[in-house]
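Counting from 1 along the sequence shown, just add 93 to a position and that's the residue number in UniProt numbering. Virtual Cβ for every residue (Gly too), placed ideally from N, Cα, C. From a predicted model like this one, the values you see are computed outputs, not experimental measurements. Worksheet: the structure to be examined is printed underneath.
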Amino acid sequence: AVDLGPSPAGTDFVAVAPNTDDAVTVPEGYEQEVVIRWGDKVLPDAPEFDIDDQTAAAQEKQFGFNNDFAGLLPVDGVPNTYLLVVNHEYTTEPFMFAGYDEENPTEEQVRIGIANHGLSVVQVKGESGSGRLTPEFGEYNRRITGTTEFFVTGPAAGSDLLKTTADPTGTRVAGTFNNCAGGVTPWGTVLSGEENFNQYFANAETVTDAVGAERLARYGIEGGESDRKWERFDPRFDIAAEPNEVNRFGWVVEIDPFDATSTPVKHTALGRFKHEAANIHVTDDGTVVAYSGDDERFDYMYKFVSSRKMQDGNSRAATAHNMTLLDAGTLYVAALEGDNPDAIDGSGDLPEGGAFTGTGTWIPLLRTGDDGTGESLVEGMSAEEVAVFTRLAGDKVGATKMDRPEDFEANPVSGKVYVALTNNTKRGVDGGAAADEANPRNDNKNGQVLEIDDDHAGTSFTWNLLLVCGDPSTADTYFGGFDKSQVSPISCPDNLAFDPHGNLWISTDGNALGSNDGLFAVVLDGPRRGETKQFLTVPIGAETCGPIVEDNRVVVCVQHPGETDDASWDSPGSHWPDGGDSQPRPSVVAAWKSDGGRIGV
Ligand code: FEO
Ligand code: CA
Ligand code: CA
Ligand code: CA
94 AVDLGPSPAG TDFVAVAPNT DDAVTVPEGY EQEVVIRWGD KVLPDAPEFD
144 IDDQTAAAQE KQFGFNNDFA GLLPVDGVPN TYLLVVNHEY TTEPFMFAGY
194 DEENPTEEQV RIGIANHGLS VVQVKGESGS GRLTPEFGEY NRRITGTTEF
244 FVTGPAAGSD LLKTTADPTG TRVAGTFNNC AGGVTPWGTV LSGEENFNQY
294 FANAETVTDA VGAERLARYG IEGGESDRKW ERFDPRFDIA AEPNEVNRFG
344 WVVEIDPFDA TSTPVKHTAL GRFKHEAANI HVTDDGTVVA YSGDDERFDY
394 MYKFVSSRKM QDGNSRAATA HNMTLLDAGT LYVAALEGDN PDAIDGSGDL
444 PEGGAFTGTG TWIPLLRTGD DGTGESLVEG MSAEEVAVFT RLAGDKVGAT
494 KMDRPEDFEA NPVSGKVYVA LTNNTKRGVD GGAAADEANP RNDNKNGQVL
544 EIDDDHAGTS FTWNLLLVCG DPSTADTYFG GFDKSQVSPI SCPDNLAFDP
594 HGNLWISTDG NALGSNDGLF AVVLDGPRRG ETKQFLTVPI GAETCGPIVE
644 DNRVVVCVQH PGETDDASWD SPGSHWPDGG DSQPRPSVVA AWKSDGGRIG
694 V
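Structure (structure tokens):
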């Protein structure tokens, strides 16, 4: 056998075996600990969490439900101190309240649900010799919820499409919902994607004009009552009463965590869709490129290229300027072409040459000028319409229908860009778009990872599939050409991160192979390219989110532990993290090497 040499720095650990344990499991020689759980205090005057006696007032000061994205930003001048910024994607009321009646939620339960959404900013303290993080009450600690005020910027700000009874200006929105993944910007703020916002709105069938109905349908906004029935207590969630409120969600929002009194922003120049996240790459001349996937089966990949340049440093003046970078520039959608279209039959078999490869074009949709005015680049749509109904613009220009584009992120070491394509069981099924080279499997249960060589500020790229995920013993999987007998099985790639060495780390959501979700390291360069090793597994029913991989620490968010098909309040699917007969609680976890050493070295 060829000697491939040792695993590269960052990936030298003994892989964790797939399992179905109700625990967080890390490699031998590593340890892990919960940092913060649903209900823990964020603000000093928060009451102790009591799962049987929750109030909205308490929850507005406590850590929200279902942590997803996490960012860790060093606090200047305070050693070993960080702001942990976390998204709270959604609530699952039957697992939050004893005796919850899905048909008749109480008003207080609704208010608690709204307060459990949004983000948390929590100061955390590190310690020497371990990766442990301990929450503190710092000046920046903050809860952002479904009622916090946001400013709207960009071409849809002030549009008639955004005006409501409560906000006749169309520029101030109450709250943010379904914040899934996100990214820390190089200028020290956090971007967060409003993803499945459709589920909060009721009575879409009352919109009967064809254009309005088509727009709602394209965004998955359904008729009748919403699952949580918030519309009973807050008319903004009732489309019959407030037809434009729904247009005020589905954006990329930006939070300045270093000013607890700042008003966060919704950047409409980046378009409105089910934003998984937005992640920034800065080119040599300071141009900022924001990559963002629309996480839906058969939806699109987007990027925004700024016309303004980033200012260096983190002075308040530089931050103020840099928070306008996403308000002027051009929004594009991706069209991909395979190099071997005739070889793709939906089986996942590799084409001749042994890899899925191709080229691509960024199609411009919307140009936003320095004054925030939009210019539509799509025939038959106004600039405001492109901003608010971006999916319809992508449809018109023939963007490529992808298998659920989730995290979309540039590698800070190499500049190459990666996209997690989670799965698509409708690919090639019942009239669903046929397989193509970038989405090469019909009934795709396990997903794939796309690697892009992008001309970041330009309009062309080349691509290949780094991973075609699944059980490595099956023919329809591919691990960058690496020996498949030597890799960890991986299924449903969702969030991406890079370690300081430039390796790719992938967290998974919905493992279709029967084991729990987890976090994996993937080698990108050299003879071990494609080597995939599981670093961590999460408890029963949980997905792994928000990975952060630092030199001496890994952080993950354990989202929806216990959320299995047959779980209920009386029969929880998990008792993690508190054990005994406790209800499961979504929590953030830190892991580190027992000797305090470097991760994977
Ligand atoms: Fe909220 Fe696309 O995962
Ligand atoms: Ca996700
Ligand atoms: Ca990420
Ligand atoms: Ca997910």
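How far does the alpha helix (DSSP H) with residue i in it extend, from its first residue to its last?
i, result
"ARG460", "Looking at the DSSP string, ARG460 is not in any alpha helix (DSSP H); the run it does join, the beta strand (DSSP E), is 450-461."
"ALA303", "303-311"
"VAL694", "No alpha helix (DSSP H) contains VAL694, which DSSP labels as neither H nor E."
"ASN112", "Looking at the DSSP string, ASN112 is not in any alpha helix (DSSP H), and its letter there is neither H nor E."
"HIS414", "409-415"
Here's the rule I'm using: 16 or more other beta-carbon atoms within 10 Å means buried, otherwise exposed. How should residue i be labelled?
i, result
"SER581", "buried"
"PRO228", "buried"
"ASP463", "exposed"
"TRP455", "buried"
"TRP131", "buried"
"ARG409", "exposed"
"GLY170", "exposed"
"ASN173", "exposed"
"TRP323", "buried"
"GLU195", "exposed"
"PRO198", "buried"
"PRO640", "buried"
"PRO350", "buried"
"PRO677", "buried"
"THR356", "exposed"
"GLU445", "exposed"
"ALA259", "exposed"
"SER600", "buried"
Could you check how far apart the C-beta atoms of residue i and residue j are, in whole angstroms? I think they sit under 8 angstroms.
i, j, result
"VAL179", "VAL681", "6 angstroms"
"ALA149", "ALA208", "5 angstroms"
"ASN159", "GLU182", "5 angstroms"
"residue 48", "GLY263", "Lying before the first or after the last residue shown, residue 48 is absent from the chain, which here runs from 94 to 694."
"PHE501", "MET394", "6 angstroms"
"PRO248", "GLY439", "With a Cβ gap of about 39 angstroms, PRO248 and GLY439 do not count as contacting."
"LEU558", "TYR571", "7 angstroms"
"GLY540", "THR567", "14 angstroms between Cβ atoms; not a contact."
Hey, residue i and residue j: beta-carbon distance below 8 angstroms or not?
i, j, result
"PHE591", "ALA531", "no"
"ASN372", "GLY487", "no"
"LEU176", "VAL168", "yes"
"VAL615", "ALA163", "no"
"PRO586", "ALA513", "yes"
"GLY343", "HIS360", "no"
"THR493", "LEU458", "no"
"ARG621", "PRO101", "yes"
"THR630", "ASN112", "yes"
"GLN147", "ILE205", "yes"
"GLY673", "ASN645", "no"
"ASP546", "ARG520", "no"
"LEU485", "LEU419", "no"
Span of the beta strand (DSSP E) holding residue i?
i, result
"VAL615", "611-615"
"ILE373", "372-375"
"THR483", "Looking at the DSSP string, THR483 is not in any beta strand (DSSP E); the run it does join, the alpha helix (DSSP H), is 483-490."
"GLY206", "Per DSSP, GLY206 belongs to no beta strand (DSSP E); it is in the alpha helix (DSSP H), 200-208."
"GLN152", "Where GLN152 is concerned, there is no enclosing beta strand (DSSP E), although the alpha helix (DSSP H) it sits in stretches over 149-152."
"ASP167", "Here residue 167 is Pro; the residue named in the question, Asp, does not match the sequence. First-last of the beta strand (DSSP E) with PRO167: 160-167."
"TRP556", "553-561"
"TYR233", "Premise fails: TYR233 is in no beta strand (DSSP E) and is neither H nor E."
"ARG497", "Here ARG497 belongs to no beta strand (DSSP E), and DSSP marks it neither H nor E."
"ILE599", "597-601"
Answer yes or no: the CB of residue i versus the heavy atoms of ligand 3, is any distance below 7 angstroms?
i, result
"GLU502", "yes"
"ASN532", "no"
"LEU589", "yes"
"ASN372", "yes"
Residue i: beta carbon under 7 angstroms from a heavy atom of ligand 1?
i, result
"ASP260", "no"
"ASP602", "yes"
"residue 90", "No answer is possible for residue 90: it lies beyond the span of the chain, which begins at 94 and ends at 694."
"GLU643", "no"
"ASP388", "yes"
"GLU499", "yes"
"GLU182", "yes"
Is residue i near ligand 2, judged by its Cβ being under 7 angstroms from some heavy atom?
i, result
"ALA274", "yes"
"GLU287", "no"
"GLU369", "yes"
"CYS638", "yes"
"GLU656", "no"
"ASP161", "yes"
Counting only beta-carbon separations shorter than 8 angstroms, does residue i have a partner in chain C?
i, result
"GLU389", "This model lacks chain C altogether, as it is built from one protein chain only."
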